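Before any comments, here is the structure.
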Amino acid sequence: MADVVTDFSAPMTSGQTFQLSGRPARYTVLFFYPKDNTPGCTTENMAFRDLYEQFQAAGTEIYGISRDSLRSHENFRAKLGLPFELISDPEEKVCEQFGVMKMKQMYGKTVRGVERSTFVIDANGQLVKEWRGVKVAGHVDEVLEFVAHQA
Numbered sequence: 002m003a004d005v006v007t008d009f010s011a012p013m014t015s016g017q018t019f020q021l022s023g024r025p026a027r028y029t030v031l032f033f034y035p036k037d038n039t040p041g042c043t044t045e046n047m048a049f050r051d052l053y054e055q056f057q058a059a060g061t062e063i064y065g066i067s068r069d070s071l072r073s074h075e076n077f078r079a080k081l082g083l084p085f086e087l088i089s090d091p092e093e094k095v096c097e098q099f100g101v102m103k104m105k106q107m108y109g110k111t112v113r114g115v116e117r118s119t120f121v122i123d124a125n126g127q128l129v130k131e132w133r134g135v136k137v138a139g140h141v142d143e144v145l146e147f148v149a150h151q152a
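Numbering-wise (the working numbering), the sequence shown opens with residue 2 and increments by one.
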């Protein structure tokens, strides 16, 4: 039995507020990434961008989430031409809800950061699939394959 995801709202690009409840899409993909304008995060966002129409055809909306500011997100989104909105979570409320904050090694130092993770939530707010500790290569294809085969 899938877990019901607790409803939440958070600020996102285009001056909008994301609200989990009431999403009309068959599936909502939330992908958490560490930071705008870093190599892995840029690659991941571009992969979701490049397959966006196929996600749409599968009744799926996509949202990227990081701790970056809305201003950073707006610039990142414009630079990459992202067709989906980015959610800003500087206070880590959504990150904590999904348990993606981890201690990580970065340049020989231990830092607290976002573990790259992706969650698929259905129209009833049920968590139907999650990936944690994601490696970017091939990941977006795997997410698309999952939602496309749920029909």
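Every residue gets a Cβ at the ideal spot worked out from N, C-alpha and C, and that includes glycine.
Note that this is a predicted model, so its numbers are computed, not measured.
Beta-bridge pairing by DSSP links residue 107 to 110.
DSSP places residue 51 within a helical segment (H, G or I) once states are collapsed to three.
Within a 10 Å sphere around the beta-carbon of residue 40 sit fewer than 16 other beta-carbons, which makes this residue exposed. CA-CA distance, residue 149 to residue 63, rounds to 14 angstroms. Around the beta carbon of residue 22, fewer than 16 other beta carbons lie within 10 angstroms, which makes this residue exposed. Inter-residue distance for residue 60 and residue 109 is about 42 angstroms (C-alpha atoms, whole angstroms). Taking 4 residues as the minimum length, the alpha helix (DSSP H) runs contained wholly in the segment 33 to 83 are 40 to 51, 53 to 58, 71 to 81, in order along the chain. Contact check between the segment 66 to 79 and the segment 8 to 18: three or more CB pairs, one atom from each, fall below 8 angstroms, which counts as touching. The residues 119, in chain order, have a CB closer than 6 angstroms to that of residue 132 in the same chain once the five nearest residues on each side in sequence are set aside. The alpha-carbon of residue 53 is positioned some 10 angstroms away from that of residue 46.
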